[in-house]
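Residue numbers (the working numbering), protein chains in the order written: chain A, 5 to 118; chain B, 37 to 152. For every residue, glycine included, the Cβ atom is placed at its ideal position computed from N, Cα and C. Since the model is a prediction, treat every value here as computed from it, not as a measurement. These notes concern the structure reproduced below.
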């Protein structure tokens, strides 16, 4: 069990640029989640995959955000035309399929928009 | 309505004393799971303890215990013998359903400061 890994750890970019983050979940986990977290707040749900299927997206996720999990393993989250308000920590988590199984989180990608 | 409510934005506790962090939840499901996570200033989310809706006994994990009151829909975290390293944000979370759930719901967190 190597844990959930996210890349990059930090991303600084200019407003209007596109960014892409990667998440590698724990290998035996078929559920994968993306969250956004701002300072002093709890994780805010963005989207959820079961295997390669994206089963739910938050209404907060604008059209500029897209996520994929093409082979049911790693996932990418892309933000197009970044805005100041996109500055946040983006967390990825994975879990197994039973209600007693917690989510395991990666260390997150901190996005800063200049 | 909020699925998870944590009413204490911040708490102070003296080192070696016990502290209770409050969490109430809202669900109409019979099957659900309740989780507590710790997030130190370094940012990683650390799973602490789990309580299932059908579990009759309160969960315990070392110095952590969960005071589960199903009728009141509360799942308070009790940390015994606080240590300086316990200073962190603490999040309560809920997962609804047995298999076909969709997401976890997180509270807004409680910042715990342990004083020497």
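Item, Value
"I'd like the list of long-range same chain contacts for residue 154 of chain B, defined as Cβ closer than 8 Å, with 5 residues on each side in sequence excluded.", "This structure gives no information on residue 154 of chain B, because the portion of chain B shown stretches from 37 to 152."
"Helix or strand or just coil, what does DSSP make of residue 58 of chain B?", "coil"
"Shortest alpha-carbon distance to residue 31 of chain A belongs to which of A/66, A/114 and A/108?", "A/108"
"Quick one: is residue 64 of chain B near chain A, going by C-beta distance under 8 Å?", "no"
"Give, in chain order, every residue of the stretch 30 to 49 of chain A whose Cβ lies closer than 7 Å to some Cβ of chain B.", "37, 45, 46, 47 and 49"
"In chain order, what residues of the same chain lie with their CB nearer than 8 Å to the CB of residue 151 of chain B, ignoring the 5 residues before and after it?", "48, 49, 50 and 51"
"Taking only beta-carbon positions, decide if residue 153 of chain B is within less than 8 Å of chain A.", "Outside the shown range of chain B, which is 37 to 152, sits residue 153 of chain B, and nothing can be said about it."
"Using a Cβ-Cβ cut-off of 6 Å (strictly less than) and excluding sequence neighbours within five positions of residue 85 of chain A, which residues of its own chain qualify?", "20 and 68"
"If residue 90 of chain B and residue 81 of chain B are in contact, beta carbons under 8 Å, what's the gap, nearest whole angstrom?", "Wrong, their Cβ atoms sit about 25 Å apart, outside the cutoff."
"I'd like the list of long-range same chain contacts for residue 76 of chain B, defined as Cβ closer than 6 Å, with 5 residues on each side in sequence excluded.", "124"
"Count the other C-beta atoms from every protein chain shown that fall within 10 angstroms of the C-beta of residue 64 of chain B, then say buried if there are 16 or more, exposed otherwise.", "exposed"
"State the Cα-Cα distance for the pair residue 121 of chain B and residue 45 of chain B, rounded to the nearest angstrom.", "19 Å"
"Using 8 Å as the threshold, is the C-beta distance between residue 106 of chain A and residue 99 of chain A below it?", "yes"
"Please classify residue 65 of chain B: does DSSP put it in a helix, a strand, or coil?", "coil"
"Comparing C-alpha positions only, which one of B/98, B/130 and B/126 sits nearest to residue 62 of chain B?", "B/130"
"Who are the near neighbours of residue 17 of chain A in its chain, counting only those whose CB is closer than 8 Å to its CB and skipping five residues on each side?", "23, 86, 115, 116, 117 and 118"
"Given a limit of 9 Å on CB to CB distance, which residues of the stretch 91 to 117 of chain A reach chain B?", "93, 95, 97, 99, 101, 102, 103, 104, 105, 106, 107, 108, 109, 110, 111, 112 and 114"
"Do residue 62 of chain A and residue 80 of chain A have their CB atoms nearer than 8 Å?", "no"
"Within its chain, find whatever has a CB closer than 7 Å to the CB of residue 60 of chain A; leave out the 5 residues flanking it on each side and keep chain order.", "51 and 52"
"Hey, would you say residue 142 of chain B sits closer than 8 Å to residue 101 of chain A, going by beta carbons?", "no"
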